[in-house]
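Each position in the sequence shown, counted from 1, maps to that position plus 27 in our numbering.
The beta-carbon is built from N, C-alpha and C at its ideal position, and this holds for glycine as well.
Presented below is the structure to which this report refers.
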Amino acid sequence: MAWRGYFTESELPEKVVLFDTTLRDGEQTPGVALTPEDKLKIARQLDLLGVQVIEAGFPITSQGEEEAVRRIVKEGLKAEIAALARSSRQDIEKVASTGAQRIHLFIATSDIHLKKKLKISREEAIKRALEAIDIAKSYGLKIEFSAEDATRTNIDFLVEFYKAVEEAGADIVDIPDTVGVATPFAMREIVRRVRKAVRIPIAVHCHNDMGLAVANTLAGIEGGATEAHVTVNGLGERAGNASLEEVAVALKVLYGIDTGIVFKEIYNTSRIVSSITGITIPVNKPIVGENAFSHESGIHTHGVISSPETYEPIDPEFVGAKRRLVAGKHAGTHGIYAQLKEMGYTPSEEELKKIVKIVKEMGDQGKKVTDAELASIAESVMGYGISEKERIELEELIVVTGLNITPTATIKIRWGEQSWRGAEFGVGPIDASMKAVSRLLGDLIKIKLESFRLEAITGGTEAFAEVTVRVSDEEGRSVTAKGFSKDIVLAGVYAILNGANRLIQMRRVKC
Numbered sequence: 028m029a030w031r032g033y034f035t036e037s038e039l040p041e042k043v044v045l046f047d048t049t050l051r052d053g054e055q056t057p058g059v060a061l062t063p064e065d066k067l068k069i070a071r072q073l074d075l076l077g078v079q080v081i082e083a084g085f086p087i088t089s090q091g092e093e094e095a096v097r098r099i100v101k102e103g104l105k106a107e108i109a110a111l112a113r114s115s116r117q118d119i120e121k122v123a124s125t126g127a128q129r130i131h132l133f134i135a136t137s138d139i140h141l142k143k144k145l146k147i148s149r150e151e152a153i154k155r156a157l158e159a160i161d162i163a164k165s166y167g168l169k170i171e172f173s174a175e176d177a178t179r180t181n182i183d184f185l186v187e188f189y190k191a192v193e194e195a196g197a198d199i200v201d202i203p204d205t206v207g208v209a210t211p212f213a214m215r216e217i218v219r220r221v222r223k224a225v226r227i228p229i230a231v232h233c234h235n236d237m238g239l240a241v242a243n244t245l246a247g248i249e250g251g252a253t254e255a256h257v258t259v260n261g262l263g264e265r266a267g268n269a270s271l272e273e274v275a276v277a278l279k280v281l282y283g284i285d286t287g288i289v290f291k292e293i294y295n296t297s298r299i300v301s302s303i304t305g306i307t308i309p310v311n312k313p314i315v316g317e318n319a320f321s322h323e324s325g326i327h328t329h330g331v332i333s334s335p336e337t338y339e340p341i342d343p344e345f346v347g348a349k350r351r352l353v354a355g356k357h358a359g360t361h362g363i364y365a366q367l368k369e370m371g372y373t374p375s376e377e378e379l380k381k382i383v384k385i386v387k388e389m390g391d392q393g394k395k396v397t398d399a400e401l402a403s404i405a406e407s408v409m410g411y412g413i414s415e416k417e418r419i420e421l422e423e424l425i426v427v428t429g430l431n432i433t434p435t436a437t438i439k440i441r442w443g444e445q446s447w448r449g450a451e452f453g454v455g456p457i458d459a460s461m462k463a464v465s466r467l468l469g470d471l472i473k474i475k476l477e478s479f480r481l482e483a484i485t486g487g488t489e490a491f492a493e494v495t496v497r498v499s500d501e502e503g504r505s506v507t508a509k510g511f512s513k514d515i516v517l518a519g520v521y522a523i524l525n526g527a528n529r530l531i532q533m534r535r536v537k538c
């Protein structure tokens, strides 16, 4: 890149460590709740991807969280396993008991946090940090220390804080942009100031509230950071965190900086995490979005066919993706199965027949089925990977509605060898059906419908509908689930049943 001349070689590191916090900060995405088994699956894939540090969780928060960290540690992955802890003995001892190699300690340092949350002085914050380091060192843990809300902290105090934790024995200091308010210029300068004061490695942890998480991460590295906190698909609290795939590719392609990432695993990793978390990848998301390497414009299509680099910054195969020239395509059963398997789905013969039937009907309406839509169809038909014997299935649905008649839904569901039938009234057929399902499920699990979104993904009166719901149980667990059908009422029922199945599965592992 021509602009590389703006930097001297000494200003940019040769290597950057990616500290992946998908399993900790990423799980704080609203609607995401991972079981220990979910976390283990993601950790294995992150290890395959080449991530050097995996933050497996926050052990003090729950028994399920502690179990997840222990299981990941016992897996014997190549990656270093880290766990989060506040600056308290109880938190630190809990991390030590899991066997994690690295502890990620934190305490707030901004005046707004010190005064309104912790209600302590700056001096007390430093004192607590140093005491925490002493305890962590006694367990032989590698220590990474974060000054929470660093970018809103007085810069002189921030430098003083990091110097103190370095002298106390911290191995790495992390600069978090906790509420995503830094600019790239500010992030670069903050890191430079800290870099002049400490000798140990510096990490950056950027949130995306202003859409600058990736830019701020790269700016921090320009300023001297050698570790970047990231999450797959940019998952995280509020607007999310810096995206692993965007940071890794940008560092390699734009800066020539090595991260140890196996780039061909990026696309697959993104899809696996999306499937497990239930969080859809935006179609226009850089690197892994459905449209990232799709071309429809005649000029662009001609250019890409002639010479791909005319309209693509990287070869899609570099990240394990494929170029798509948007057009209709006829697919057979074998082809659809191969595509599903590549995406991580292995449907039974009966499930495959149902998926193929839906795809062919959509094709008859002139609709090209995208990977995202095929995934939605598969998840709806397959019940999110829960075996047929263990999931609640819809057996019958009768809806009566019309003018001057109260909409009524009669539903029959089956779970194992047992069946239940019930009916409810509503303000419309969808409302009546949702109420009937909720009433029947009350014998198995009490659920609350938090949100309901309907989207037609083909045109015309026979359009296919995709319903996305968020449901929660009485213990506060919340999941996102989808349903797919040409009948919008059925799509809604499938979605809420899929959500209930996932909640029941979570209860079994006591997450």
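- Query: Which one of Asn-431, Gly-449, Val-408 has the shortest CA to CA distance from Ile-425?
  - Reply: In the sequence shown, counting from the first residue as 1, residue 425 sits at position 398. Comparing Cα-Cα distances from Ile-425 to each of Asn-431, Gly-449, Val-408, the minimum goes to Gly-449.
- Task: Could you have a look at Pro-86 and say whether DSSP puts it in helix, strand or coil?
- Result: Translated into positions along the sequence shown, residue 86 becomes position 59. Helix.
- Thinking just about the alpha-carbon of each residue, which of Arg-51, Ser-460, Val-78, Ile-202 is nearest to the one in Lys-42? Along the sequence shown, one-based indexing puts residue 42 at 15. It is Val-78.
- Task: Taking all protein chains shown into account, decide if Ala-483 is buried (16 or more other Cβ within 10 angstroms of its Cβ) or exposed.
- Result: Locating residue 483 in the sequence shown gives position 456, counting from the first residue. So Ala-483 ends up on the exposed side.
- Message: Contact defined as beta carbons within less than 8 Å: I believe Asn-243 pairs with Pro-211. What is the distance between those atoms, to the nearest angstrom?
- Response: Mapped onto the sequence shown, residue 243 falls at position 216. Mapped onto the sequence shown, residue 211 falls at position 184. Correct: roughly 6 Å between the Cβ atoms.
- Selection from Val-221, Lys-144, Val-383 that minimises the alpha carbon distance to Ile-229: As a working note, residue 229 is residue 202 in the sequence shown. Looking at the Cα atoms, Val-221 is the closest of the given residues.
- Task: Counting only runs of 4+ residues fully inside the region 219-301, write out the alpha helix (DSSP H) ranges in chain order.
- Result: 240-249, 271-277
- Task: Rounded to whole angstroms, what's the CA-CA distance from Ile-419 to Val-396? Just pull it up for me.
- Result: Stepping through the sequence shown from its first residue, residue 419 is reached at position 392. Stepping through the sequence shown from its first residue, residue 396 is reached at position 369. Straight-line Cα distance between these residues: approximately 27 Å.
- Query: Does DSSP classify Thr-433 as helix, strand or coil?
  - Reply: Position 406 of the sequence shown holds residue 433. Thr-433: coil per DSSP, three-state reduction.
- Query: Excluding sequence positions up to five away, which residues of its chain have a Cβ less than 7 Å from the Cβ of Tyr-372?
  - Reply: If you number the sequence shown from 1, residue 372 lands on position 345. Here the set comprises Ala-405, Met-409.
- Own chain residues within Cβ distance below 8 Å of Ile-160, not counting five before or after: Indexing the sequence shown from 1 puts residue 160 at position 133. Only Leu-132, Ile-170, Phe-172, Val-192, Ala-195, Gly-196, Ala-197 meet the Cβ criterion.
- Message: Does Val-520 come out as helix, strand or coil in the three-state DSSP assignment?
- Response: Along the sequence shown, one-based indexing puts residue 520 at 493. Correct three-state label for Val-520: helix.
- Around the Cβ of Leu-430, are there at least 16 other Cβ atoms within 10 angstroms (buried) or fewer (exposed)? Numbered from 1 along the sequence shown, position 403 holds the residue referred to as residue 430. Under this definition Leu-430 is an exposed residue.
- Continuous beta strand (DSSP E) stretch holding Lys-169: start and end: Position 142 of the sequence shown, counting from 1, holds the residue named residue 169. Element bounds for Lys-169: 169-175.
- When burial is assigned at 16 or more other CB atoms within 10 Å of the CB, is Thr-433 buried or exposed? By one-based count along the sequence shown, residue 433 stands at place 406. Exposed, since its Cβ has fewer than 16 Cβ neighbours within 10 Å.
- Task: Measure the alpha-carbon distance for Lys-475 versus Asp-500 and round it to whole angstroms.
- Result: To locate residue 475, count along the sequence shown from 1; it is residue 448. To locate residue 500, count along the sequence shown from 1; it is residue 473. C-alpha separation (whole angstroms): 6 Å.
- Query: Could you give the residue range of the alpha helix (DSSP H) that holds Arg-466?
  - Reply: Sequence index remark: in the sequence shown, residue 466 carries index 439 (1-based). That run of the alpha helix (DSSP H) goes 456-468.
- Message: Assess contact between the region 139-157 and the region 95-107, defined as three or more Cβ pairs (one per stretch) separated by less than 8 Å. Is contact present?
- Response: In short, these stretches do not touch, since the Cβ pair count stays below three.
- Message: According to DSSP, simplified to helix, strand and coil, what is Leu-424?
- Response: Walking along the sequence shown from the start, residue 424 turns up at place 397. Note: Leu-424 maps to strand in three-state DSSP.
- Item | Span separating the alpha-carbon of Asn-525 from that of Lys-509 | On the sequence shown, residue 525 is found 498 positions in, with the first residue counted as 1. On the sequence shown, residue 509 is found 482 positions in, with the first residue counted as 1. Going by the C-alpha atoms only, they are around 7 Å apart.
- Using a threshold of 8 Å, state whether the C-beta atoms of Gly-267 and Met-237 are closer than that. As a working note, residue 267 is residue 240 in the sequence shown. As a working note, residue 237 is residue 210 in the sequence shown. No, the pair does not count as a contact, with Cβ atoms beyond the cut-off.
- Which value, in whole angstroms, describes the spacing of the CA atoms of Gly-355 and Gly-390? Position 328 of the sequence shown holds residue 355. Position 363 of the sequence shown holds residue 390. At Gly-355, the pLDDT of 33 sits below 50, so the modelled position is not reliable and the matter cannot be decided from this model.
- Can you tell me which of the three DSSP states Asp-183 falls into? To locate residue 183, count along the sequence shown from 1; it is residue 156. Residue state, collapsed to three classes: helix.
- Cα separation between Thr-437 and Thr-428? Taking the sequence shown and counting its residues from 1, the one referred to as residue 437 is at position 410. Taking the sequence shown and counting its residues from 1, the one referred to as residue 428 is at position 401. Roughly 12 Å separates the two Cα atoms.
- At what residues does the alpha helix (DSSP H) containing Leu-73 begin and finish? In the sequence shown, counting from the first residue as 1, residue 73 sits at position 46. Per DSSP, Leu-73 belongs to the alpha helix (DSSP H) from 63-76.
- Query: Between Leu-45, Ile-288, Ile-303, which lies nearest to Lys-66 when the distance is taken from Cα to Cα?
  - Reply: Counting from 1 along the sequence shown, the entry for residue 66 is found at position 39. Here the closest residue by C-alpha is Ile-303.
- Euclidean distance between Cα positions of Val-315 and Gly-84: If you number the sequence shown from 1, residue 315 lands on position 288. If you number the sequence shown from 1, residue 84 lands on position 57. When rounded, the distance between both Cα atoms is 25 Å.
- Message: Please report the distance separating the alpha-carbon of Arg-97 from that of Thr-125.
- Response: Residue mapping note: residue 97 aligns to position 70 of the sequence shown, counting from 1. Residue mapping note: residue 125 aligns to position 98 of the sequence shown, counting from 1. Cα to Cα, the separation comes out at about 5 Å.
- Report the residue from Met-214, Ala-135, Arg-298, Thr-360 whose alpha carbon sits nearest the alpha carbon of Phe-188. Here residue 188 refers to the residue found at position 161 of the sequence shown. For the residues Met-214, Ala-135, Arg-298, Thr-360, the minimum Cα distance to Phe-188 belongs to Ala-135.
- Task: Using a threshold of 8 Å, state whether the C-beta atoms of Thr-49 and Ile-69 are closer than that.
- Result: Mapped onto the sequence shown, residue 49 falls at position 22. Mapped onto the sequence shown, residue 69 falls at position 42. The answer is yes: Cβ separation under 8 Å.
- Query: Rounded to a whole number of angstroms, what is the C-alpha to C-alpha distance between Met-533 and Thr-507?
  - Reply: On the sequence shown, position 506 is the one that residue 533 refers to. On the sequence shown, position 480 is the one that residue 507 refers to. One C-alpha to the other measures close to 13 Å.
- With 16 as the cutoff for other CB atoms within 10 Å, does Ser-478 come out buried or exposed? Your numbering for residue 478 matches position 451 in the sequence shown. Exposed is the call here.
- Specify the secondary structure class of Ile-162 as computed by DSSP and reduced to three states. Taking the first residue of the sequence shown as 1, we reach residue 162 at position 135. Reduced to three states, the DSSP call for Ile-162 is helix.
- Who pairs with Lys-509 in a beta bridge, going by DSSP? For the purposes of this step, residue 509 is taken as the residue at position 482 of the sequence shown. Paired residue(s): Thr-495.
- Query: Terminal residues of the continuous alpha helix (DSSP H) containing Ile-385?
  - Reply: Start at 1 with the first residue of the sequence shown, and residue 385 comes out as number 358. First-last of the alpha helix (DSSP H) with Ile-385: 376-391.
- Task: Using the Cα positions of Asp-470 and Phe-290, report the straight-line distance between them to the nearest angstrom.
- Result: Taking the sequence shown and counting its residues from 1, the one referred to as residue 470 is at position 443. Taking the sequence shown and counting its residues from 1, the one referred to as residue 290 is at position 263. Distance from the CA of Asp-470 to the CA of Phe-290, rounded to the nearest whole angstrom, comes to 47 Å.
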